[in-house]
Amino acid sequence: MFLPHKATVAEPLHRLLSTKTPWAWGHRETAAFNAVKALLSSDSVLVQYSESRPLVLACDASPFGIGAVLSHRFPDGREAPLAYFSRTLSPTERNYSQLDEALALVAGVKRFHEYLYGRTFDLITDHKPLLGLLAGDRPTPPVLSPRMLRWTVFLAAYHYRLIHRPGKSMGHADALSRCPLPAFVEDPAPASSLLLIEDLPAAPVSAATVASASAQDRTISRVPNWVWRGWPQGPFASEFQPFATRQHELSAHRGCLLWGDRVVIPQGLRQRVLEALHVGHPGIVKMKALARCYVWWPNMDDAITAWVSACQACQESRPAPPAAKGHTWETPKTPWLRVHIDLAGPFHGRTFMVVVDAYSKWLEVALMPSTTTEAVIRVLRGLFATHGCPDVLVSDNGPQFTSGTFERYLLGLGIRHALTAPFHPSSNGQAERMVRSTKEALARLDRGDWHERVAEYLFVQHITPHAATGRSPAELLMGRRLRSPLDRLHPDFAVAEPPGCANAPRSFVPGNQVFARNYVGDIPWVPATVVGVTGPRSYQVALEDGRLWRRHIDQLRRRVGDLDTTEVPPTALAAPEETRTDGEAPPTPPSQTASVEPNQAVSEQTQTTLLAEAPPTAADPGELVPTPPRVAPQPQRELCGPPDLATSPRRSGRVSKRPTYLKDYVVGQVSLLV
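Below, the structure written as structure tokens:
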């Protein structure tokens, strides 16, 4: 509570409290007592500032002055003043319009800045138009005078509620504005002044100071006496042991103890000497080297180490500790078991997402239009649809990979998410190394479409053997080599036939029970028996009613219950010309058929027919295909049942296999007939 001139008014009462003054109550003491009671009961009593009570700042302006009252609001609604402020308007300010009554608000806030800044308070005014201009919860009007705009920006730094109150309820602020104090160029009573006084540095340690401190030191004061008169015999106490081991190197000069040319510092001066040695923060090693040139005391090196370790500036600026040995990831046992992902870029205005399989080193690079979690999930969804879901996915701590959406996506697929240490890229070295390799490769490629450049780089990466595995990523991930234009350099290059075509072609021999395709009538397949071979893929079949049809192998199906289930290449046997009785396909020209007697070699005409009907190879025209020696075709015998010696010569049943080094090529036999 503040009372004006309280010390002067209550001085007679204070004098009575002294034990040296005899007690005497007179008119002077009575007048002082009544004056103090009047001050305590007056309306101008100031209350003590409290951070827990709400603040109210009432401001008002008159044609020649402004006033402000800072008050506390109590729980009962009563407002008690904390401080008063008023000043006279300058000649320029008196020309302001009535709307510029906001000057009182700005002046009051500036005056009580130390009380208001950082707190929420009520700003009271009796000028209602200001509610639409300076209210903190309303936008600034688009059309506003520069002066009002500056005041709006100034008040925006405070948290206040602008409240309108009629002028008759603001008597205290109105009275201050109509009875203003003269304005001062400088504030005669600034709110606070902070003086920073820096102590002068201590005087450097001198030889006289060392000699005086050595004489008062309990340990060092006894050593010079032994140096002059001789060292005693017998064991020494622990504090004298460092000196006893150096007794032949110690000397005393002008009250100072010396070890060689180094001054022995007593206990009381060691901190000052350490401060002098640590000027410039040289570090532990250099500080020790400097100290060994001038001073010594027992355990000096340990003291220097502890001093530097406790220095805040040295600890904040010291280099990082040596890098720990890198953690080696466990090698996966199968492809696509653990994948590493990372975002690279911006690189030439583009951002990439790199995905690496830890087992095969298979690399996937995706151009990212954005780096949001949704964009990352969209790319991973396509990769998982092709290669499957991995067991572990390793990434850094980017916001895309640590979001709840990304975690829920991986959890739904049963994928474990491993995060690397923050700000430690080497923990995700698989992806980081691929990021660097990708940037280097793309920088060397010609300018063009980014999708084309990335596809070219990925294709080369997939077919190139990796230095760590010795095999290409495609071989480890897919189990096969990817065909590339470089494969055409080999002279044995040929287009591979579909699986099953080159190994075991479907065929029939005379006597096989089959179903033949019927193109007349309601029954699509009718039973028949193969009676002859008319070409590499065509046969002559006999129906149950005796009719003969000529059908392609695609128009024949093996009949269930046929004991002959072994498919062997067809023999070039002649068959009688097909009897066309129901509008079937026309018969084979006479030039393409021949009659062959049992155990007779195939005629040249039959061989010509086989070559003419043989399907063309998939090799490009002009390619040279190795031609084996000319071998006359031999009739095939049936593998099911006893062989018919009258119609089929004996042939070995050994199954021949192609060498593994020809697995990527198809080697066929072509017979050249003269």
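Heads up, this note's numbering is the position in the sequence shown plus 255, with the first residue counted as 1. All residues carry an ideal CB built from backbone N, CA and C; glycine is no exception. Note that this is a predicted model, so its numbers are computed, not measured.
**Prompt:** Mind checking whether Ala-357 and Leu-385 have CB atoms under 8 Å apart?
**Reply:** Reading the sequence shown from its first residue, position 102 is the one you call residue 357. Reading the sequence shown from its first residue, position 130 is the one you call residue 385. Cβ distance < 8 Å, so Ala-357 and Leu-385 count as in contact.
**Message:** Can you give me the C-alpha to C-alpha distance between Ala-729 and Thr-915, rounded to a whole angstrom?
**Reply:** Mapped onto the sequence shown, residue 729 falls at position 474. Mapped onto the sequence shown, residue 915 falls at position 660. Straight-line Cα distance between these residues: approximately 19 Å.
**Message:** Within 10 Å of its beta-carbon, does Arg-671 have 16 or more other beta-carbons around it, so buried, or fewer, so exposed?
**Reply:** Your numbering for residue 671 matches position 416 in the sequence shown. Counting the other Cβ atoms within 10 Å of the Cβ of Arg-671 gives fewer than 16, which makes it exposed.
**Asked** Just the Cα atoms here: how many angstroms apart are Val-518 and Ile-539?
**Response** For the purposes of this step, residue 518 is identified with residue 263 of the sequence shown, where counting begins at 1. For the purposes of this step, residue 539 is identified with residue 284 of the sequence shown, where counting begins at 1. Approximately 20 Å, taken between the alpha carbons.
**Request:** Spell out a yes or no on whether the segment 282 to 297 and the segment 385 to 396 are touching, meaning 3 or more CB-CB pairs, one atom from each, closer than 8 Å.
**Result:** no
**Message:** So within the segment 345 to 406, which uninterrupted beta strand (DSSP E) runs reach at least 3 residues, ignoring any that extend past its ends?
**Reply:** 375 to 380
**Request:** Would you kindly work out how many angstroms separate the C-alpha atoms of Leu-268 and Pro-521, rounded to a whole number?
**Result:** Mapped onto the sequence shown, residue 268 falls at position 13. Mapped onto the sequence shown, residue 521 falls at position 266. If I take the Cα positions, the gap works out to 59 Å.
**Identified DSSP bridge partners for Pro-336** = As a working mapping, residue 336 is identified with position 81 in the sequence shown. Answer is Ser-326, bridged to Pro-336.
**Request:** Starting from Arg-525, trace the alpha helix (DSSP H) both ways and give me its first and last residue.
**Result:** Looking up residue 525 in the sequence shown gives position 270. From DSSP, the alpha helix (DSSP H) with Arg-525 extends over 525 to 532.
**Request:** Go ahead and label Thr-380 buried or exposed: buried means 16 or more other beta carbons lie within 10 angstroms of its beta carbon, across all protein chains shown.
**Result:** The count along the sequence shown starts at 1 and reaches residue 380 at position 125. Burial call: buried.
**Request:** Drop a sphere of 10 angstroms on the beta-carbon of Tyr-372, count the other beta-carbons inside from all chains shown, and report buried for 16 or more, exposed for fewer.
**Result:** Numbered from its first residue, the sequence shown carries residue 372 at position 117. Exposed: under 16 other Cβ atoms inside 10 Å.
**Neighbour flag for Gly-669 against chain C, beta carbons, 8 Å** = Considering every chain present, this structure includes no chain C. It has just one protein chain.
**Request:** With DSSP as the reference, label Ser-273 as helix, strand or coil.
**Result:** Taking the sequence shown and counting its residues from 1, the one referred to as residue 273 is at position 18. Correct three-state label for Ser-273: coil.
**Message:** If you reduce the DSSP assignment to three classes, tell me which class His-672 lands in.
**Reply:** Counting from one through the sequence shown, the residue named residue 672 turns up at place 417. Residue state, collapsed to three classes: strand.
**Straight-line gap, Arg-806 to Val-764 (C-alpha atoms, nearest Å)** = Indexing the sequence shown from 1 puts residue 806 at position 551. Indexing the sequence shown from 1 puts residue 764 at position 509. Each residue's alpha carbon lies about 13 Å from the other.
**Asked** Using DSSP with H/G/I as helix, E/B as strand and the rest coil, what is Thr-573?
**Response** On the sequence shown, position 318 is the one that residue 573 refers to. In the sequence under discussion, the amino acid at residue 573 is Arg, which differs from the Thr named in the question. Judged by DSSP in its simplified three-state form, Arg-573 adopts coil rather than helix or strand.
**Request:** Tell me whether Ala-265 sits in a helix, a strand or coil according to DSSP, three-state version.
**Result:** The residue given as residue 265 occupies position 10 in the sequence shown. It is coil, neither helix nor strand.
**Prompt:** Taking the alpha carbon of Leu-798 as the point to measure from, which residue in Asn-773, Ser-467, Thr-657 has its own alpha carbon closest?
**Reply:** Residue mapping note: residue 798 aligns to position 543 of the sequence shown, counting from 1. For the residues Asn-773, Ser-467, Thr-657, the minimum Cα distance to Leu-798 belongs to Asn-773.
**Item:** Same chain, Cβ closer than 7 Å to Ser-665, five either side skipped, listed in chain order
**Value:** Working through the sequence shown from its first residue, we reach residue 665 at position 410. Here residue 665 turns out to be Leu, not Ser, going by the sequence shown. Answer for Leu-665: Leu-648, His-672, listed in chain order.
**Proximity to Ser-469 [Cα-Cα], best of Thr-500, Cys-511, Val-324, Leu-598** = Translated into positions along the sequence shown, residue 469 becomes position 214. Among Thr-500, Cys-511, Val-324, Leu-598, the Cα nearest to that of Ser-469 belongs to Cys-511.
**Asked** Which value, in whole angstroms, describes the spacing of the CA atoms of Gly-604 and Val-709?
**Response** The sequence position of residue 604 within the sequence shown is 349, counting from 1. The sequence position of residue 709 within the sequence shown is 454, counting from 1. The alpha-carbon atoms of Gly-604 and Val-709 are separated by roughly 15 Å.
**Item:** Contact test: Gln-716 Cβ vs the ligand ZN heavy atom, cutoff 7 Å
**Value:** Here there are no bound small molecules, and the ligand ZN is not part of this structure.
**Item:** Alpha carbon of Gln-768 to alpha carbon of Lys-912, nearest angstrom
**Value:** As a position in the sequence shown, residue 768 is number 513, starting the count at 1. As a position in the sequence shown, residue 912 is number 657, starting the count at 1. Gln-768 and Lys-912: Cα-Cα distance of roughly 30 Å.
**Request:** Return the CA-CA distance between Gly-332 and Leu-312, expressed in angstroms with no decimal places.
**Result:** On the sequence shown, residue 332 is found 77 positions in, with the first residue counted as 1. On the sequence shown, residue 312 is found 57 positions in, with the first residue counted as 1. Cα to Cα, Gly-332 sits roughly 15 Å from Leu-312.
**Request:** Report yes if the CB atom of Val-594 is closer than 8 Å to the CB atom of Pro-645, and no otherwise.
**Result:** Translated into the one-based positions of the sequence shown, residue 594 becomes position 339. Translated into the one-based positions of the sequence shown, residue 645 becomes position 390. Going by C-beta atoms, Val-594 is nearer than 8 Å to Pro-645.
**Prompt:** I think Val-478 touches Ser-506, with their Cβ atoms under 8 Å apart; what is that distance to the nearest whole Å?
**Reply:** Against the sequence shown, residue 478 aligns to sequence position 223. Against the sequence shown, residue 506 aligns to sequence position 251. No, Val-478 and Ser-506 are not in contact; Cβ-Cβ is about 10 Å, not under 8 Å.
**Request:** Counting only the same chain and skipping the five closest in sequence on each side, list residues whose C-beta sits under 8 Å from that of Cys-566.
**Result:** The count along the sequence shown starts at 1 and reaches residue 566 at position 311. Contacts found: His-533, His-536.
**Prompt:** How is Ala-316 classed by DSSP in three states: helix, strand or coil?
**Reply:** Counted from its first residue, the sequence shown places residue 316 at position 61. Three-state result, Ala-316: strand.
**Request:** Please list the segments of the beta strand (DSSP E) lying wholly inside the segment 720 to 793, counting only runs of 3 or more residues, in order along the chain.
**Result:** Taking only runs of at least 3 residues, the beta strand (DSSP E) segments lying wholly in the segment 720 to 793 are 768 to 772, 780 to 788.
**Asked** What residues in its chain sit with their C-beta under 7 Å from that of His-382, if we drop five residues either side in the sequence?
**Response** To locate residue 382, count along the sequence shown from 1; it is residue 127. Excluding residues within five positions, the ones whose Cβ falls inside 7 Å are Glu-356.
**Prompt:** Which of the three DSSP states, helix, strand or coil, is assigned to Asp-646?
**Reply:** Working through the sequence shown from its first residue, we reach residue 646 at position 391. Note: Asp-646 maps to coil in three-state DSSP.
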